[in-house]
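In the working numbering, the protein residues as written are 653 to 848. Note that beta-carbon positions come from the ideal geometry of N, C-alpha and C, so glycine has one too. Predicted model only: the values in this text are computed from it and were never measured.
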């Protein structure tokens with residue numbers, strides 16, 4: 653797949669087939685994720701891979717409970733109350749794989765760096781016919797000391813990107829994108845000589 657095609661056709665997938673991603677393919681995707689740019693080439697990321705569906709279900713339940721407790725603080729998220737109270741709803745959409753990207757908090761740019769690694773991961777996956785979805789609702793739960801301890805994540809690392817992966821059962825239709833909103837475009841002759 654050409655890069656432009658991947659950029660234009662990748663979508664967040666929320667319906668997955670049951671079959672698991674082969675380990676070798678997953679290792680290749682993680683290796684490609686590490687080619688993301690990072691501030692001062694710090695590469696502050698570590699990856700935790702979860703393929704235990706029962707553990708993912710428990711994480712989902714914990715994340716839903718946490719989100720419900722926080723809805724009062726975020727009125728714009730109130731529309732999610734119905735799905736968060738549905739015991740059958742899994743925030744990981746029953747995907748076979750969850751990749752958690754954690755960043756070293758001692759690196760100033762860790763959140764940006766790990767976000768770029770997540771995008772590399774998702775684009776590389778799409779190139780191989782593997783769908784993905786960034787599950788922001790899971791971030792706080794996956795950053796808990798208990799989860800980090802279970803997954804052997806260093807205490808000084810913070811959860812940045814919970815990304816689910818799997819082979820799509822269905823792919824959403826391609827939505828349109830708004831044109832870029834360019835608020836300024838300064839060229840050398842744009843500024844007067846008296847401008848500070």
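**Report entry** Beta-carbon proximity list for residue 694, same chain, < 6 Å, skipping 5 on both sides
**Finding:** 759
Requested in this report: Give, in chain order, every unbroken run of the alpha helix (DSSP H) that is at least 4 residues long and sits entirely within the stretch 717 to 745.
Outcome: 733 to 736
Query raised in the report: On the three-state DSSP scale, how would you describe residue 700?
Result: strand
**Report entry** Distance, residue 727 Cα to residue 670 Cα
**Finding:** 35 Å
Query raised in the report: Ordered along the chain, which non-local residues of its own chain (more than five positions away) have a Cβ less than 7 Å from that of residue 767?
Result: 812 and 813
Query raised in the report: Whose C-alpha, out of 717, 793 and 784, is nearest the C-alpha of residue 821?
Result: 784
Query - Supposed contact pair residue 757 and residue 808 - C-beta distance, whole angstroms, cut 8 Å - result: 5 Å
**Report entry** Whole-number beta carbon distance between residue 769 and residue 753, since they are thought to touch under 8 Å
**Finding:** 6 Å
Requested in this report: Give a yes or no on whether the C-beta atoms belonging to residue 685 and residue 750 are separated by under 8 Å.
Outcome: no
**Report entry** Residue from 792, 747 and 696 whose Cα sits closest to the Cα of residue 718
**Finding:** 792
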